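Read through the structure below, which is laid out as structure tokens, and then see the notes.
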Amino acid sequence: MSVSPTELAEFEVQADRWFAENKPEKPGFILPETFMEVGTDEQFKFLRAWQNKVYENGYVGLSWPKEFGGGGLPQVYQDIATKAMATHRVPFLLNTIGLNWAGPLILSMSSSEDKKKYIPSILSAEEIWCQGFSEPDHGSDLGNAQCKGRKDGDDYVINGSKIWTSLGMYAKHMILLVRTSTEAESKYSGLSFFLAPMKTDGIEVQPIRKLTGEYGFCQTFFNDARIPASCMMGKEGDGWRVAMATLMFERSAEGGQAGGLSMMDLSIDDVIELAKRAMRNGKPAIEDPFIRTELVKLIVEAKGNVYMADKAEIPALEGEWPGAVTMSIKLRATEFKRRMCQFAISLQGANASRYIDDRAVDEGMWQRSYLNAFSGTIGGGTTQIQHNIIGERILGLPKD
Amino acid sequence: MSVSPTELAEFEVQADRWFAENKPEKPGFILPETFMEVGTDEQFKFLRAWQNKVYENGYVGLSWPKEFGGGGLPQVYQDIATKAMATHRVPFLLNTIGLNWAGPLILSMSSSEDKKKYIPSILSAEEIWCQGFSEPDHGSDLGNAQCKGRKDGDDYVINGSKIWTSLGMYAKHMILLVRTSTEAESKYSGLSFFLAPMKTDGIEVQPIRKLTGEYGFCQTFFNDARIPASCMMGKEGDGWRVAMATLMFERSAEGGQAGGLSMMDLSIDDVIELAKRAMRNGKPAIEDPFIRTELVKLIVEAKGNVYMADKAEIPALEGEWPGAVTMSIKLRATEFKRRMCQFAISLQGANASRYIDDRAVDEGMWQRSYLNAFSGTIGGGTTQIQHNIIGERILGLPKD
Amino acid sequence: MTAIEFSDEQSMILETAVNFFREKFPVNEIHERNENLDGSTDLFWAGAKELGWTGIVIPENYGGLSLSLSEVVPIVEMMGRHLIGSPFIPTTLAVTAIVSAGSEEQKARWLPSVAEGGIASVGLTEEDGSWNLSDVKTNGEVRDGELILKGKKCFVLDAKRADFIVVSAIIDHVVSLIIVTREQLNKCIIRSEVVIDETRQSFSIEFNDLKIPLTQILDKPDLNDLENAALLLISAEISGGLSGVLRVILSYLTTRKQFGKYIGSYQSLKHPAVQILLSLEATRSHLYHAAACLSGGDKIKTEVAARSAKAYGSDAFAFAGDRAIQFHGGFGFTYECDAQLFLRRALWCQYQFGDAAYHHSYLAPLLLD
Amino acid sequence: MTAIEFSDEQSMILETAVNFFREKFPVNEIHERNENLDGSTDLFWAGAKELGWTGIVIPENYGGLSLSLSEVVPIVEMMGRHLIGSPFIPTTLAVTAIVSAGSEEQKARWLPSVAEGGIASVGLTEEDGSWNLSDVKTNGEVRDGELILKGKKCFVLDAKRADFIVVSAIIDHVVSLIIVTREQLNKCIIRSEVVIDETRQSFSIEFNDLKIPLTQILDKPDLNDLENAALLLISAEISGGLSGVLRVILSYLTTRKQFGKYIGSYQSLKHPAVQILLSLEATRSHLYHAAACLSGGDKIKTEVAARSAKAYGSDAFAFAGDRAIQFHGGFGFTYECDAQLFLRRALWCQYQFGDAAYHHSYLAPLLLD
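Residue numbers (the working numbering), protein chains in the order written: chain A, 292 to 691; chain B, 292 to 691; chain C, 22 to 390; chain D, 22 to 390.
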């Protein structure tokens, strides 16, 4: 489909105006920054309503097929809408796993029937999705998943447990990785992948208290839970391949995601702004030479990450180690955020010791963000594992 | 032997005066900072003469037995003499391997006859010692030494090569680690240890050019070199144990070394002094806020290393991980030196790009010291291996 | 002259403290203690009283042991090791202020009760969070033979339990220290503060023209001394905290397997653990050197040593706490994991009484000019 | 608007450069080339002439290609990759100065010869090593219709080969740029300098009342432009150098065994190698962004981008060079190992035209105020 620049420009103006006018007022409680941090019912309701409104007004799923509730437009429309969300710093879209993991997966491999069944309610946030990959004893070692599924008639009987299921309390569906054979050739080929209904006898969800003191993740227990075999994605034993495909939607810049803001991200600009407000030795912190140097270093690093994304779009500049930039997006972004929050805290003098409270600087947001930042440097393959992956896959270094 | 404080105080005054009066003039060439950097005959002659003079005047080997040419005094005398050398920044004592490795070893395990044969000429620098542990293909992996010794009558016939033999061109003796059996129970128990005479047919020494551009290390080649079996330390197969004992003389604060200055060490005070001379943006570098902060951090780190040595002397402060301080001396000192030299270079503006030359800042000493600093972070077990050793032996972490 | 003089008293106290905390405050009960901070404090305080710890720095003639802060250091270090958040530090600081700045009458009036186990605290920080103890907005005006105190103090630890607190205020353009009694405190607005370290009970106190007898003004306060004392005690807490968090890290690294191997065998975890160990040894060395300087009485040396210990130690502790979370992986992200307790403690210690950058800026002229 | 606009010309030149250096200057002959710098330069220069590289930034009417420094960047990057130390950068800087500040007459006089393959250089640094290009002590006095030049310049690359050099001097309290010809240079004291990067041929030049026609004074010099050009080209060299040193590291990590395993399997080597890779990607992105800014013509943006690229890149390169030595173990300590060549190059790049700390201090007001 060809896109006229005029139409795009008009859409940009329209999106910009809509988000400016419809940005929700601050509710009376602190909002989470990502879908992984939704800890209370009021937060959940607020965010679900927001996604629904965004969808009803046509700003999410723009590139998804029309027949399944999408906009049927080129990706560039969604990019414009997402950018407007970021510009106006509106809340993120709650149904992240649905929009960016399960949705693209279903669109790429399910039957038309299943697409009709799942996709529209993902977009409207009517049905929330969660993810069941990690297990308590095999954190980063997905291939070693031990949660078991035994074929029994038309069902698989699942036993075991999954951890870090965000929105587990609210989700209607889970993308679930299960070991259906212990005698497969390799540990990977013994895995299968399901779109599992959460309202199933034998599935129990227990919230986990995070290091921040809040809730937001769950542990999901399976006790002889019967999942229909028809819920399997691909064939038995395809689980690893499907899971990897799913992870690619998240880790890299592959297409297919519904788009939309997935986090209310703090940027280095927020830190600069804080440094202007914060006082050090009776003067704005931003006048302190040490703080200036540290800020400059962070800004240069942040800009480097932005420019890298642009460089990755230019094939001629791919260089000797192709893939380095895209494969390191998560590593760079999450580690940068952690350090940035640490630095932001250091600007607050003795008040840096405060925590979530109206007397804390920015209501304790920086402290909370710092602690939450570990979900990025740990979840989805720790920083240490990311280094291994890049070292081995991109640089060709031998395995440990 | 009891020591009277008055006598000690007198000796301190005496030593101080002697080094003040006898500190050699700067020769017309740059002096090396350690025995590993002696690259020219004029440097060698100058330093051998200096050690000889120090010995003749009774300032080295003070704690070694009188009958073998030592001073027969308590260790504290040597400590005082060594401190005076450091205070007056006189040249280091050339015969380092003899004084601090071979000498203590011979004193602790050889016959009285051998002690008489070797010890006095170690102290006088008449006979220079070198070390033959490392091999070209097994840098840090001493236990895997492949240089072979085959018993043949009263000799061992040696074949193979050793690397990083400092003073190899000048040495009369080598402490040598050789594989005398390939069928031993473990790779360690196949090793034997010799005090090998360098003037042996089949031993050839080839100087190695260092990254500094200078010479100072050698590679030693053995081609059917016959070493008398009587030169063996301990029994056949004891080599690993003897080598480890020898390394302990160097790595930790164990007693037994002859003492004396073993390097002309640059300290953080030299960097501060440089920062006062160096200019940045038209003002002394020491007035620049960034440089001040970096200097303070380096000073605090350096002080920490000094205080740690004192803490290690107090058993009540040993803490939960005994041995951490002594086992990390080399690691901390060498890494600190490397970073300190890097920083010193950064104070020199565009002149930091100069190298050994009279137009360079301090004649290019800092650049050379930085490059030479890698001998510390690589030799005798790299920094990476030191971390492993401490992690495994002190913290009890599992092996790789 | 060695940099660290470790007295027999210090040695004995350290040994006692090691055993006391190991028995009474085992590390595996940290979470339970946090659920019941008051009960835990009672338990600690009873033990401290029995062992004479509450009177260590109080002169003998006021019922104390006439020892110095150097002998308090091992206790605070072990408190840090076991993550105790009692009023021991604030009480000791209040006592230090009175011992150094109080008149004989004042000492006689305030010290004996503490030696017998009373609790006290200090209020030195204000709403702007400035670390400079001379940045004081709280104001005292002498009127009709009384001091009228107006202002607000923050981060006053254990204010609800304290028999009295020592607060800073400007009187006649000079920073002064004033004792405020329980009775007087009861007339103030005291609000609990939410702080990152949940083992702390922190409060803000608002003085609205609070009337205080002039006899409660301390004579010749030396804020520098008081700051050094605070830095020394926090550094002790940091040193102990570093041991504690390293122990937490090691126990996970040696028991948790990933990809079939103990995670402690991976160099990306092993090597930082070694760095933490060495930073602990360095922090501890700075700490006991600072303690020795304080005993030695040289003010400049003490300031250099105390600031160095705090600057070095607080960065090291923050690093260790941060890595503790990371190295615990998913478990580290839970409230249940001890790692977060130490990270929160590290952040508290880092940002009370000045962070590394702040102290570096004060060390620069002392070390370089 | 993306941050990096990569033109077709850049793309073509990059491809040509990659192939040219791979064929003519293989990395396994670096040591041999260093033994014969003049021969190596001749070889390079002949190729550069043939490919039209010597005239890239020279306007068409003076025999050049009328392209910009952005098109020079890929060439310099590949030079850095292969550790070439030719007069290409100094020549390009001299040309840049004349293109931007010269009159039509001056351009007509000096540019065509360079387009045809002449060599030039710049003298902007003096004995004090100041990075601020306005810190100039060399003095020019106009007397009897001539300029009398007095002073000393350092780090003038390839001065022995240059047909002319552009030097900075104070004339009437203003920093000016002056062209000094070969003939005039022959009247000066030119001394070879010992520099850390042995691929460089660096010289000091002393002017003792050297007489120069006034027509050799460049009209409207903009030192900022010249600095940005220098920063851009050094950043290009750094970016290429980072690739080069990473390749050296990787080839050792994947072939050398220690304790029975390839050393590249150890995380303490693998993870820093990844850090170096990512720092290379960041440096390269900053570099081509800066090139785009320079083409775009916004002066402030260009300054920010050029300083950022140099600040970030030079620290990254120095780190990589340092680690290259360390990771090669004993072999890294030898002159024979390529690692030292890259470390020396890194130190050269780090300390010419300002290090990271220096540029951070100039970036601060641009980014924060």
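Note that the Cβ used here is the ideal one computed from N, Cα and C, for glycine as well. The structure presented is a predicted model; accordingly, all values stated were derived computationally and were not measured.
Review point. When you compare only the Cα positions, how much space is there between C:F185 and C:V216?
Key: Roughly 22 Å between the two C-alpha positions.
**Study point:** Whole-number beta carbon distance between D:Y309 and A:L608, since they are thought to touch under 8 Å
**Key:** Rounded, the Cβ-Cβ distance is 6 Å, consistent with contact.
Practice item. Could you tell me the distance, in whole angstroms, from the CA atom of C:G161 to the CA atom of C:S329? Key: So the two alpha carbons sit approximately 33 Å from each other.
Review point. What residues in the stretch 577-591 of chain B bring their beta carbon closer than 7 Å to a beta carbon of chain A?
Key: Per Cβ criterion, the list reads P580, F581 and T584.
**Study point:** Three or more C-beta pairs below 8 Å linking the stretch 147-167 of chain C and the stretch 95-112 of chain C
**Key:** The stretch 147-167 of chain C is not in contact with the stretch 95-112 of chain C.
Check your understanding: Is D:L145 closer than 9 Å to D:A257 when the C-beta atoms are compared?
Key -> Cβ distance not < 9 Å, so D:A257 and D:L145 don't count as in contact.
Check your understanding: What three-state label does DSSP hand A:F310 in the structure shown?
Key -> Look at A:F310 here: in three-state DSSP terms it is helix.
Practice item. Compare the Cα-Cα distances from A:D446 to each of A:L482, A:A487, A:C421 and A:S425 and report the closest residue. Key: Residue A:A487 is the option with its Cα nearest to A:D446.
Check your understanding: At least one CB of chain B closer than 9 Å to the CB of D:S256: is that the case?
Key -> Not flagged as an interface residue toward chain B: D:S256, since no C-beta distance is shorter than 9 Å.
Point to revise | Assumed close pair C:V116, C:V135 - CB separation to whole angstroms, cut-off 8 Å | key: Correct: roughly 6 Å between the Cβ atoms.
Point to revise | For C:T220, the three-state DSSP class (helix, strand or coil) | key: Residue state, collapsed to three classes: coil.
Exercise for review: Over the uninterrupted beta strand (DSSP E) stretch that includes D:G161, give me the two end residues.
Suggested key: Note, D:G161: beta strand (DSSP E), N160 to R164.
Point to revise | Any chain D beta carbon closer than 9 Å to A:V367 | key: Not closer than 9 Å to any Cβ of chain D, the Cβ of A:V367 fails to qualify, so no.
Exercise for review: Measure the C-alpha to C-alpha separation of C:A67 and C:W74 and round it to an integer number of angstroms.
Suggested key: Their Cα atoms are separated by approximately 10 Å.
Practice item. Answer with buried or exposed for A:D560, where buried requires no fewer than 16 other C-beta atoms within 10 angstroms of its C-beta. Key: Exposed, by the Cβ-count rule.
Point to revise | Residues bridged to B:F512 [DSSP beta-bridge criterion] | key: Bridge pairing for B:F512: B:S452 and B:E495 [DSSP].
Check your understanding: When the distance is taken between beta carbons, is D:V295 closer than 9 Å to A:G682?
Key -> Inclusion of A:G682 and D:V295 in the CB contact set at 9 Å is warranted, their separation being smaller than that value.
Exercise for review: Indicate whether at least one CB of chain A lies closer than 9 Å to the CB of D:E248.
Suggested key: Against chain A, the CB of D:E248 has no partner CB under 9 Å away; the residue lies outside that interface.
Review point. Of all the options B:L322, B:G394 and B:S477, which has the alpha carbon lying nearest to the alpha carbon of B:E418?
Key: Checking every option, the nearest Cα to that of B:E418 belongs to B:G394.
Check your understanding: How many Å lie between C:A377 and C:Q371 at the Cα?
Key -> If you take the alpha carbons of C:A377 and C:Q371, they lie about 8 Å apart.
Practice item. Could you tell me how far apart the beta carbons of B:H379 and B:F310 are, in whole angstroms, since I believe they sit closer than 8 Å? Key: Going by Cβ atoms, the distance from B:H379 to B:F310 rounds to 4 Å, so yes, they are a contact pair.
Exercise for review: Could you say if the stretch 655-667 of chain A and the stretch 498-507 of chain A meet the contact criterion of at least three C-beta pairs nearer than 8 Å?
Suggested key: Because the criterion of three Cβ pairs below 8 Å is met, the stretch 655-667 of chain A and the stretch 498-507 of chain A touch.
**Study point:** 9 Å Cβ cutoff, A:R623 in contact with chain D
**Key:** Yes, A:R623 lies at the interface with chain D (some Cβ there is under 9 Å from its Cβ).
Exercise for review: Specify, as a first and last residue, the run of the alpha helix (DSSP H) that D:N235 falls within.
Suggested key: This sequence places Leu at residue 235 of chain D; Asn is not what is there. Premise fails: D:L235 is in no alpha helix (DSSP H) and is neither H nor E.
**Study point:** Boundaries (first-last residue) of the beta strand (DSSP E) holding A:F485
**Key:** From DSSP, the beta strand (DSSP E) with A:F485 extends over L482 to P488.
Check your understanding: According to DSSP, is D:L178 helix, strand or coil?
Key -> DSSP places D:L178 in the strand class (E or B) of the three-state scheme.
**Study point:** Neighbourhood of B:A544 by C-beta distance below 6 Å, restricted to the same chain and skipping five residues each side
**Key:** Because the pLDDT of B:A544 is 46, which lies under 50, any placement of that residue in the model is unreliable, and the number read from its coordinates should be weighed accordingly. Taken in chain order, the residues that qualify are T617.
Check your understanding: Which one of A:A300, A:W657, A:Q369 and A:D370 has the shortest CA to CA distance from A:Y646?
Key -> Among A:A300, A:W657, A:Q369 and A:D370, the Cα nearest to that of A:Y646 is on A:W657.
Review point. Are the C-beta of C:Q288 and some C-beta of chain D separated by less than 9 Å?
Key: Interface residue, yes.
Review point. Which runs of the beta strand (DSSP E) fall wholly inside the stretch 340-391 of chain A and span at least 3 residues, in chain order?
Key: The qualifying runs do not exist here; there are none.
Check your understanding: Given 8 Å as the limit, is there contact between the stretch 448-455 of chain B and the stretch 512-521 of chain B, that is, 3 or more CB pairs closer than that?
Key -> In short, these stretches touch, since the Cβ pair count reaches three.
Exercise for review: Identify, in the order they occur along the chain, each residue of the same chain with its Cβ nearer than 6 Å to the Cβ of D:T159, setting aside the five sequence neighbours on each side.
Suggested key: Taken in chain order, the residues that qualify are G172 and A190.
Practice item. Return the Cβ separation of C:A142 and C:A118 in integer angstroms, given the expectation that the two are a contact with Cβ distance under 8 Å. Key: As written in the sequence, residue 142 of chain C is Ser, which differs from the Ala given in the question. With a Cβ gap of about 11 Å, C:S142 and C:A118 do not count as contacting.
Check your understanding: Hey, is the stretch 391-407 of chain A in contact with the stretch 226-246 of chain C, meaning 3+ C-beta pairs nearer than 8 Å?
Key -> Result no; under three Cβ-Cβ pairs closer than 8 Å.
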